[in-house]
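Residue 1 is where the sequence shown starts when you use UniProt numbering, and the numbers rise one by one after that.
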Amino acid sequence: MLFLQLRSTPKLFRQASMVRWFSEDAQSSIDNEIWKIQGSGYKASGKGGIKNLANFNNRSQFLICQRGVSMMATSIGNPFSGSQINPARGFSSDSGLPPHQEVGMPSLSPTMTEGNIARWLKKEGDKISPGEVLCEVETDKATVEMECMEEGYLAKIICGDGAKEIKVGEVIAITVEDEEDIAKFKDYKPTSSNTGAASAPESPAPSPPKKEVVEEPVRSPEPSTVKQSPPSPAGERIFASPLARKLAEENNVPISSIKGTGPDGSIVKADIEDYLASRGKESTAHKAKDAAGAPLDYSDLPHTQIRKVTASRLLFSKQTIPHYYLTVDTCVDKLMDLRNQLNALQEASGGKRISVNDLVIKAAALALRKVPQCNSSWTDNYIRQYHNVNINVAVQTDNGLFVPVIKDADKKGLSTISNEVKKLAQKARDNTLKPEDYEGGTFTVSNLGGPFGIKQFCAIINPPQSGILAVGSAEKRVIPGSGAQEFKFASFMSVTLSCDHRVIDGAIGADWLKAFKGYIENPESMLL
Numbered sequence: 001m002l003f004l005q006l007r008s009t010p011k012l013f014r015q016a017s018m019v020r021w022f023s024e025d026a027q028s029s030i031d032n033e034i035w036k037i038q039g040s041g042y043k044a045s046g047k048g049g050i051k052n053l054a055n056f057n058n059r060s061q062f063l064i065c066q067r068g069v070s071m072m073a074t075s076i077g078n079p080f081s082g083s084q085i086n087p088a089r090g091f092s093s094d095s096g097l098p099p100h101q102e103v104g105m106p107s108l109s110p111t112m113t114e115g116n117i118a119r120w121l122k123k124e125g126d127k128i129s130p131g132e133v134l135c136e137v138e139t140d141k142a143t144v145e146m147e148c149m150e151e152g153y154l155a156k157i158i159c160g161d162g163a164k165e166i167k168v169g170e171v172i173a174i175t176v177e178d179e180e181d182i183a184k185f186k187d188y189k190p191t192s193s194n195t196g197a198a199s200a201p202e203s204p205a206p207s208p209p210k211k212e213v214v215e216e217p218v219r220s221p222e223p224s225t226v227k228q229s230p231p232s233p234a235g236e237r238i239f240a241s242p243l244a245r246k247l248a249e250e251n252n253v254p255i256s257s258i259k260g261t262g263p264d265g266s267i268v269k270a271d272i273e274d275y276l277a278s279r280g281k282e283s284t285a286h287k288a289k290d291a292a293g294a295p296l297d298y299s300d301l302p303h304t305q306i307r308k309v310t311a312s313r314l315l316f317s318k319q320t321i322p323h324y325y326l327t328v329d330t331c332v333d334k335l336m337d338l339r340n341q342l343n344a345l346q347e348a349s350g351g352k353r354i355s356v357n358d359l360v361i362k363a364a365a366l367a368l369r370k371v372p373q374c375n376s377s378w379t380d381n382y383i384r385q386y387h388n389v390n391i392n393v394a395v396q397t398d399n400g401l402f403v404p405v406i407k408d409a410d411k412k413g414l415s416t417i418s419n420e421v422k423k424l425a426q427k428a429r430d431n432t433l434k435p436e437d438y439e440g441g442t443f444t445v446s447n448l449g450g451p452f453g454i455k456q457f458c459a460i461i462n463p464p465q466s467g468i469l470a471v472g473s474a475e476k477r478v479i480p481g482s483g484a485q486e487f488k489f490a491s492f493m494s495v496t497l498s499c500d501h502r503v504i505d506g507a508i509g510a511d512w513l514k515a516f517k518g519y520i521e522n523p524e525s526m527l528l
């Protein structure tokens, strides 16, 4: 479902082009100035209109200008998917600019609020066609290819290779239809740094947004090679963009001493970045003094996108989800014997070896099918119980923690699960996971036993899921035998289930662990 909020007078809606655009499925409410569009594949008439609304990414905002009608389109929920984007069309104006498109940073995952440009695969002046990859975007979870939706030419790259922390909707490039228009955008700058809005509509445009005015106390600037203006007198207004002000606050930059290069001398993000680069904030080691006065050497490492998102989600989980933990020891002797038999068959047929983690994933999936209350999520109005059993598997890489998903794991064989885990783990290490590789999970398995030898630990729930299984290492123990003076050795593996108490009561969590333990200690039952 797409909601279009109209920012124009009702009489403009009567234009023939608009009537053709919103025909048949459209339901209009002129009084409330809200148009409610249901369905997909809407076509805009007239040169320069949006060609396919269905390709908008979820939670993204675009400003559409069509024959003088200015509208903000916001998709609600997740009706559309994919990494293709359809940018807003700009029009020629008093500045003499020809028709063009401002390509905005798309929202490529449900949790994405900003992204980085990994690299551009097209250069300025290159011809582009539908389906061709424009650039690689580093999202909060992976690096995703951004495809072009329309034929034309790449006239201007606003955010080059390595550009970081670009807000969703912020303009990153300009495309044109005619090759001779490329040169006209050589010195082009977008009118807004944080939206994908068309920069020059035909009709009189609304007045530009007021620049945010902030007052800063006078501070002595640190030595820098960046041009600096004399400190502003106390009480004088300093004009700076919100993004520049935020960046300055995060890095303790005295904004009053920065000379702005933006419109009317306002301070923009690039001015703050130049200041930081000049003093080598991110690359040089700093020295401080501890309580005893001794020098302390350290380096500041900038946060990566995946690190920031991981920190945010885990903090949210611990603050909002009432965790409790259940631990059980499982005998894995029969499981190891079955694994040896299966690997002998795999090697004979040229297949890949099956790991203990593959068997754990299968057992967890079957236990979820047996106790479906644990395959659920909490919402404010209801508990959503999933009919698909999709298991996320935690994978640690040099780039951070990833959780690719094995979909319908309860219906797949061990060989298929093993192949998918290895393939997805490699994609995670290569930072090439796509949204479909990690979205849609209903339960998570985290194994620190086999790779790291951790005996037992408690994992943090991956929201919006309500459970995660922490798998420890297997160790040999002495246990009583059948006789009074007899004993024997057996291998035991500790597992801990973290539960959301809003969804999973203690007895339900115990039932799930009982089912899981049954599959691990009698692994032949997983093959039935």
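We put the CB at the ideal spot given by N, CA and C, even for glycine.
Only a predicted model underlies this, so the values are computations on that prediction, with no experimental measurement involved.
Exclusion of the five residues before and after residue 488 leaves 479 and 481 as the residues of its chain whose Cβ lies within less than 7 Å of its Cβ.
By DSSP's assignment, residue 476 forms a beta bridge with 491. The alpha-carbon of residue 258 is positioned some 49 Å away from that of residue 468. Just so you know, the alpha carbons of residue 396 and residue 421 end up roughly 13 Å apart.
Residue pairing by DSSP places residue 447 opposite 471 in a beta bridge. In the three-state scheme derived from DSSP, where H, G and I count as helix and E and B as strand, residue 374 is classed as helix. For the 7 Å CB-CB criterion, residue 333 and residue 474 do not form a contact. Excluding the 5 residues flanking it on each side, residue 401 has same chain C-beta neighbours closer than 8 Å at 306, 310, 394 and 395, in chain order. When DSSP states are grouped into helix, strand and coil, residue 259 belongs to the coil group. The DSSP-derived three-state label of residue 127 is strand.
Under the DSSP definition of a beta bridge, residue 408 lacks any partner.
The Cβ atoms of residue 461 and residue 255 lie no closer than 7 Å to each other. Counting C-beta atoms within 10 angstroms of its own C-beta, residue 500 has 16 or more neighbours from the protein chains shown and is therefore classed as buried.
For residue 316, there is no enclosing beta strand (DSSP E); the enclosing alpha helix (DSSP H) has its first and last residue at 305-320. Between the alpha carbons of residue 444 and residue 364 lies a distance of about 9 Å. When C-beta atoms of the segment 352-359 are compared with those of the segment 408-423, three or more pairs fall below 8 Å, so the two segments count as touching. Counting only the Cα atoms, residue 108 lies some 31 Å from residue 373. The alpha-carbon of residue 366 is positioned some 11 Å away from that of residue 391.
Residue pairing for residue 329: DSSP places it in a beta bridge opposite 494. When C-beta atoms of the segment 234-251 are compared with those of the segment 265-278, three or more pairs fall below 8 Å, so the two segments count as touching.
Out of 180, 412 and 515, the CA that lies nearest to the CA of residue 98 is found in 180. Straight-line measurement puts the Cα of residue 505 at about 18 Å from the Cα of residue 470. For residue 169 and residue 148, the gap between their C-alpha atoms comes out near 16 Å.
Excluding sequence positions up to five before and after residue 517, its CB lies within less than 7 Å of the CB of 328 and 330, all in the same chain and listed in chain order.
The Cβ neighbour count for residue 437, taken over all protein chains shown within 10 Å, is at least 16; the residue is labelled buried. For residue 399, there is no enclosing alpha helix (DSSP H), as DSSP marks it with neither H nor E.
7 Å or more divides the Cβ of residue 116 from the Cβ of residue 184. Our two residues, residue 124 and residue 527, have alpha carbons roughly 57 Å apart in a direct line. The residue among 166, 162 and 157 with its C-alpha nearest the C-alpha of residue 174 is 157. Within a 10 Å sphere around the beta-carbon of residue 523 sit 16 or more other beta-carbons, which makes this residue buried. Per DSSP, the beta bridge partners of residue 120 are 135. Check the Cα spacing between residue 265 and each of 241, 253 and 252: the tightest is with 241.
For the 7 Å CB-CB criterion, residue 139 and residue 112 form a contact.
Taken atom to atom, the span from the alpha-carbon of residue 171 to that of residue 101 is near 10 Å. Judged by beta-carbon spacing, residue 425 lies beyond the 7 Å limit of residue 446, meaning their Cβ atoms are not closer than that value. In this structure, 432 is the residue among 398, 432 and 512 with its C-alpha nearest to the C-alpha of residue 144.
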